Amino acid sequence: MFELLEYTFFQNALLCTILIGVSCGLVGTYIVAKRMVFISGGITHASFGGLGLAYFLGLSPLFGAAVFALAAAFCILYLSDNKRFKEDSLIGIFWSAGMAIGVLFIYLTPGYAPNLLSYLFGNILTVTGEQVLLSLLLCLVIIVFFAKFYRPLFYIAFDKEYSRTHFVALNGLEMGITALIALCIVLCMKLAGIILVISYLTIPQAIAGMFHKNFTKQLVWATIISCVGSIIGLFTSAVLKLPSGATIVLCFLLIFIVCYLWKRKK
Numbered sequence: 005m006f007e008l009l010e011y012t013f014f015q016n017a018l019l020c021t022i023l024i025g026v027s028c029g030l031v032g033t034y035i036v037a038k039r040m041v042f043i044s045g046g047i048t049h050a051s052f053g054g055l056g057l058a059y060f061l062g063l064s065p066l067f068g069a070a071v072f073a074l075a076a077a078f079c080i081l082y083l084s085d086n087k088r089f090k091e092d093s094l095i096g097i098f099w100s101a102g103m104a105i106g107v108l109f110i111y112l113t114p115g116y117a118p119n120l121l122s123y124l125f126g127n128i129l130t131v132t133g134e135q136v137l138l139s140l141l142l143c144l145v146i147i148v149f150f151a152k153f154y155r156p157l158f159y160i161a162f163d164k165e166y167s168r169t170h171f172v173a174l175n176g177l178e179m180g181i182t183a184l185i186a187l188c189i190v191l192c193m194k195l196a197g198i199i200l201v202i203s204y205l206t207i208p209q210a211i212a213g214m215f216h217k218n219f220t221k222q223l224v225w226a227t228i229i230s231c232v233g234s235i236i237g238l239f240t241s242a243v244l245k246l247p248s249g250a251t252i253v254l255c256f257l258l259i260f261i262v263c264y265l266w267k268r269k270k
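Throughout the sequence shown, residue numbering follows this note's numbering, covering 5 to 270 in sequence.
As C-alpha cells, this is what we get:
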C-alpha cells in the first residue's frame, strides 16, 4: 500500500486531501453551527453552470466554477439578508439554474466532455501540482482568517443579532467567510465531486459535535476527522480501485455510525 507514495500523482493526491481536509474541517464547522448546510448545497450545484460555460468557452472549468460559486454565494447572502426573498427559495433557484446552465452549455459544446465527470463524482488521483498549490494557499488563508476573526465568527455563527449590538463588522466578515466557503467548495470538487461535496462539509462536523459542544474543540476535531477520514478513504480507493470521492464519503459515514453506536452504548 505504501508503495503508492512513490508516485507523484499519489503524492499530489495525498497532499491535496490533507489540505482540503483542514479547509473543510474549519469552514464546515462554521456552516453547521450557522445552519447553512443547504446554502452550501445551492452554491455547489450553482457552480456547475460555471463548469459548463467555461468548457464551452475553452477556459479552465475550475475558474468558471469559482466565478459562478462566488456569484451565487454573494447573491444568496445579499438577497436573503435584505428579506427580499426567502432563503430556501433562493437556494432552489440557484441550485436548479446552475445545473440547467451547465447542462445546456455542455450540450452546445461539440464532442464529449469526459473531464467534467471528475468534477461531478470526484477523482483526486488526477489532481495537478497547480491545484495542490491552490489548495495550500486557500488552506493558509482559511487558517489565518479563523485565527484572526475567531470570536466575531463565533458570535455570527450562533447569534447574529448579538453581533450587531456589539458592533461586529458583520457585513465584511460575512462576505469574507462566504467567499472562503465558495472557494473551498470549488476546490473540494476534485476530491468528492459536486454530488458528494456537501457531505465533506457536514459529516466530520456532525461527528465532532457528538462529543464536543465547545466551538473551538469542534473546529479542531472536525479538522482531524476530516483529514483522517480522507486519508483512509484515499488509500482504500487506490488499493481497491474504487472511486475516490465516494470511498472517502463512505469512510466518513462509517466513522459516523461507529461513533454514534459507541456514544449511545456509553
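All C-beta atoms, glycine included, are put in the ideal place defined by N, C-alpha and C. The structure displayed is predicted, hence computed values, not measured ones.
Review point. With 16 as the cutoff for other CB atoms within 10 Å, does V243 come out buried or exposed?
Key: exposed
Review point. What's the call for E178, buried or exposed, on a 16-neighbour Cβ count within 10 Å?
Key: Answer is buried; the Cβ neighbour count reaches 16.
Practice item. Report the option in S234, A70, F52 and K269 whose CA atom is closest to the CA atom of G102. Key: F52
Check your understanding: Apart from the five residues just before and just after I259, which ones in its own chain have a Cβ nearer than 7 Å to its Cβ?
Key -> I211, I229 and G233
Exercise for review: Tell me, to the nearest whole angstrom, how far the beta carbon of A76 is from that of I47; I am working on the premise that it is less than 8 Å.
Suggested key: Yes, they are in contact, since the Cβ atoms of A76 and I47 sit about 5 Å apart, within 8 Å.
Practice item. Could you check the C-alpha separation between C231 and P114 for me, to the nearest Å? Key: 39 Å
Review point. By Cβ distance below 7 Å, which residues in the same chain neighbour G180 in space, the five residues on each side in sequence not counted?
Key: F149
Point to revise | Near the ligand NAP: Y204 beta-carbon under 7 Å from a heavy atom | key: Ligands in the displayed structure: none, and consequently the ligand NAP is not present.
Practice item. Go ahead and label A17 buried or exposed: buried means 16 or more other beta carbons lie within 10 angstroms of its beta carbon, across all protein chains shown. Key: A17 should be labelled buried.
Exercise for review: Sort G29, P65, I185 and V190 by Cα distance to F219 and report the nearest one.
Suggested key: Measuring C-alpha to C-alpha distances from F219 to each of G29, P65, I185 and V190 identifies G29 as the nearest.
Check your understanding: Going by alpha carbons, who is nearest to I202 out of Y34, T33, S44 and E10?
Key -> S44
Check your understanding: First and last residue of the alpha helix (DSSP H) that includes Y11?
Key -> Taken as a continuous stretch (DSSP letters only), Y11 belongs to no alpha helix (DSSP H), as it is neither H nor E.
Check your understanding: Got a sec, what are the start and stop residues for the alpha helix (DSSP H) S241 sits in?
Key -> F219 to L244
**Study point:** Bounding residues of the alpha helix (DSSP H) (the contiguous stretch that carries M214)
**Key:** I207 to F215
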